[in-house]
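Structure first, commentary second.
Residue numbers (this note's numbering): 1370 to 2416.
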């Protein structure tokens, strides 16, 4: 009996079911989160017992099948390794789930804290009768979806005689709770007012007679029949209400903006829907009910961070019972509500809870650096002192973005800060072993998967050999080649560019190229202290600001010098890249993709994004939306433009102090820097003036003399820092050639040509010219590889360090290792070499994205991370292989439909070979997608201390891993084996990639979302695509049934 149950629960069929259930569950959870908030998804899926049971069965099934398929054999160890890695990852997740915790630490300057505010919500009960005092804490997870249950009994006192039982029972959970005044025949007078608190924040208050409040945080108000003279008093008289104030009341009627004033110390009828200004505070009377009560209602079922939640509890002692309403404002511990039952007092609270740490952190200084001009935050950091008397440890530390403090299993990250800049908010977690074990699992997974691709006894290599054998046995229809190439044509090759400029390009003053070539060899010091030619700085600035290398027929040098010499013209030229449609709308840009400098300011020259930048900076990095991140990026671009206009990036001048290695800018000289001198203070003004004159007259001799004087000044005072001239020339040439960007395009073109040869050989083999063409293209591939190698060597020499120390360099290095692997393992297989070339092109394209967004300023935002770039590149590259596999699967379905008795032999061979190639492509894609997904977890953990947070983007990436993992395991599942089932599944798997790449961005709320949950219309072509695939699948099914070999 037990054996039969074991066979059912842990069979390969059961494993397939667990695969799909896992994927469906977490995919559904993303939609639950979108509509009802994160707690709902956590409650019903991620933290549900049934979900834990599913993962337990999934893990046991993997273990059982390790023995069933004898994976412990020597030749199977790569497969054993990555299956074992899944168990290690599940173990790490279990430790995190049950032992780890996270929260925030809020510290004001000059103060210390040893308290961590948890991210979970708790119901706290403190029971006392004056003699005994018992504490009870219960973690709860309520949501706006489904029923919520909570029922606890507490014997009181816990020890001793005469115990009684205090019971707490949840009556109602109210998400987005708000108080509403409603009529009640048995009610009392109820007044609803709107005022501001001490922080000028809106507060809505409902007052019964005898209750009061503060206006503007300081002026007392009483709703009562009598009150002190210095208090604003409101009193009910029948159905009317009157007001008296010790100060004059200035009013503005909202309906028609009518202004008036009410005398002090005189009773007046209370004006409703009218703004009253009393002293330094504002007050609006919303409503008055002679007989009313307060009803707590919900604004909506979704739990959002900015709105409070409430619970109604029934509190009883067996004889008496009362109701209590507890509020959770989500920013701290819940407010305490006291309930008295027959001499026993119960203090209740609902919300987050403080946990004491075994050490304290003292905030010495919170540092917020702002950009001049817009005054936007550029970077922020916390200078802290950690004190641990228990271990005798005291140490100073600086916490900032991507630079964390690790101590005794805790990790602290710079998350946000107080609006008055007098305090810091650190996110923290305590999950040392969960993280380490999960990292071990990630490593074993990557190692096992990569080794399995190259092991001679692996299925991947066996399929590769079968493809070679089949190639000798078949001929197929050449007319299908065009169809495949049409389907495989990269979408990126079809993109077009559009431009728009209010100031026509013809009217832009153009700096001659001859002068740009002279200026780009001047040496400058960047913010990191590296010396480089102006060519590099000008290129970086233009790429950073516009995400282009040239605009309006001008190269980067012409644009940079134009902005320096003619700022009044360039402030009206669209140059600042804005990607987010919502931000374009805020800036009123219309259809333009680039904003002008002036677009960011209103008629009073007030910065339009001030509030949004402050709000984005105060959000924890883990909670920033797509719009928040775009606001910060665009704000940085704007400030860089301002720095170009004001000369703040031109660190051209060595200090007079030979021991000071920090060079000066014209801006620093203008600000009265004591290290400045006459030459520095007057150089830029002279350069701008003479350049303007040279543009008019064509005589550049005076400008050249100025640049020569600058070079001599640098040589005299800063020769020890200057780089050799040959290195300057090499770097300028390197910038002009733009070798890796061009290589990406060449690799893509070569890959397409190799694909043509490959499919020509599949459908019409035996042509003598094919081998010659293959050898020629392989030779070109080797030439590209050598060029790639030369580029890396040049970058190594220019930078002075190995070319893999930042995100961009890591990408070009990974592309190089990819091409090297292709030459070593696949140079004789045209298809694999084509895939290698295309993959190298994809990686260099992703590297180009990083290259287009260089670090020009010392800003260190969370999204500028080494791990992030690798994570994005690997996942993006995986999409190419997975989509290619889906396309080959679709082609196979078409081949099944057109198969006939006349072409059966040719078609069957073609279907079988394409199926093998499909499996190889999906295998490579799955390996890269799996590794890339978990690299994303490493990035998240190193940035804000959470290696997995079930954000919709990472969740759908995992869904895709599970979907394609299931597809590649279908051959082990009875009833799902066969060529038709595999190819159809590979086509359907394509939709998980579409959802991961596009759907999350536009249809789900989350950190990666553009739409923030607001659904966009589904494009009509999606319906046509689904209908076409369905029609082809059905037709192929019936045709394959009549031809068992293709089933």
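Quick reminder that beta carbons are idealized off the backbone N, C-alpha and C, glycines included. Bear in mind that the values here come from a model prediction, so they are computed numbers and not experimental data.
query                                                                                                                                                                                                 : result
Rank 1458, 2354 and 1668 by C-alpha distance to the C-alpha of residue 1807 and give the top, closest one.                                                                                            : 1458
If we ignore side chains and look at the alpha-carbon of each, how far apart do residue 1508 and residue 2338 end up?                                                                                 : 40 angstroms
In three-state terms, what does DSSP make of residue 1823?                                                                                                                                            : helix
Give the straight-line distance between the Cα atoms of residue 1688 and residue 1534, rounded to the nearest whole angstrom.                                                                         : 10 angstroms
If you scan the stretch 2310-2364 from start to end, which runs of the alpha helix (DSSP H) of 4 or more residues do you find wholly inside it?                                                       : 2321-2338 and 2348-2363
Please name the residue, chosen from 2353, 2293, 2327 and 2361, that lies closest to residue 1827 on a Cα-to-Cα basis.                                                                                : 2293
Give the straight-line distance between the Cα atoms of residue 1659 and residue 1419, rounded to the nearest whole angstrom.                                                                         : 52 angstroms
Is there contact here, the stretch 1414-1433 with the stretch 1756-1769, by at least three beta-carbon pairs under 8 angstroms?                                                                       : no
Taking residue 1538 as the reference, give the member of 1681, 2247 and 2086 with the closest Cα.                                                                                                     : 1681
Any idea which residues DSSP pairs residue 1645 with across the strands?                                                                                                                              : 1620 and 1652
Where do the N-terminal and C-terminal ends of the alpha helix (DSSP H) with residue 1452 fall, by residue?                                                                                           : 1446-1467
Quick check: the Cα distance between residue 1742 and residue 1971, rounded to an integer number of angstroms?                                                                                        : Note that residue 1742 scores a pLDDT of 48, beneath 50, so its modelled location is shaky and nothing firm can be said.
For residue 1520, which residues from the same chain have a beta carbon less than 6 angstroms from its beta carbon, with the 5 sequence-adjacent residues on both sides left out?                     : 1538
Please work out which residues of its chain come closer than 6 angstroms, Cβ to Cβ, to residue 2340, disregarding the five sequence neighbours upstream and downstream, and give them in chain order. : 2346
Please report the residue range of the alpha helix (DSSP H) in which residue 1434 lies.                                                                                                               : 1418-1437
Out of 2107, 2092 and 2013, state which residue places its alpha-carbon closest to the alpha-carbon of residue 2168.                                                                                  : 2092
Where does the unbroken alpha helix (DSSP H) through residue 1915 begin, and where does it stop?                                                                                                      : 1903-1915
Alpha carbon to alpha carbon, how far is residue 2002 from residue 1916? Give it in angstroms, no decimals.                                                                                           : 12 angstroms
In chain order, what residues of the same chain lie with their CB nearer than 6 angstroms to the CB of residue 2189, ignoring the 5 residues before and after it?                                     : none
Quick check on this structure: which residue in 2331, 2307 and 2050 has the alpha carbon closest to the alpha carbon of residue 2241?                                                                 : 2307
DSSP beta-bridge partners for residue 1718?                                                                                                                                                           : 1493
Give the DSSP-derived three-state secondary structure of residue 1958 in the structure shown.                                                                                                         : coil
Using only alpha-carbon positions, find the residue among 2269, 1475 and 1540 that is nearest to residue 1791.                                                                                        : 1475
Contact defined as beta carbons within less than 8 angstroms: I believe residue 2291 pairs with residue 2355. What is the distance between those atoms, to the nearest angstrom?                      : 6 angstroms
May I ask you to report which of helix, strand or coil DSSP gives residue 1985?                                                                                                                       : helix
Any idea what DSSP makes of residue 1936, helix, strand or coil?                                                                                                                                      : helix
Determine contact between the stretch 1750-1762 and the stretch 1800-1817, defined as no fewer than three beta-carbon pairs at a distance below 8 angstroms.                                          : no
State the DSSP-derived secondary structure class of residue 1550, mapped to helix, strand or coil.                                                                                                    : strand
Once the 5 residues before and after residue 1723 are set aside, which same chain residues still bring their CB inside 8 angstroms of it?                                                             : 1484, 1485, 1486, 1487 and 1702
How should residue 2417 be labelled, buried or exposed, when 16 other C-beta atoms within 10 angstroms of its C-beta is the threshold for buried?                                                     : No answer is possible for residue 2417: it lies beyond the span of the chain, which begins at 1370 and ends at 2416.
How far does the beta strand (DSSP E) with residue 1797 in it extend, from its first residue to its last?                                                                                             : 1792-1799
Can you tell me whether residue 1949 is helix, strand or coil according to DSSP?                                                                                                                      : coil
Among 1732, 2262 and 2104, which has the Cα closest to the Cα of residue 2283?                                                                                                                        : 2262
Less than 8 angstroms between the beta carbons of residue 1362 and residue 1490, yes or no?                                                                                                           : Past the boundaries of the shown model lies residue 1362; the chain is included only from 1370 to 2416, so the question cannot be answered.
When we look at the beta-carbon of residue 1403 and count the other beta-carbons within 10 Å, is it buried (16 or more) or exposed?                                                                   : buried
Does DSSP put residue 1387 in a helix, a strand or coil?                                                                                                                                              : helix
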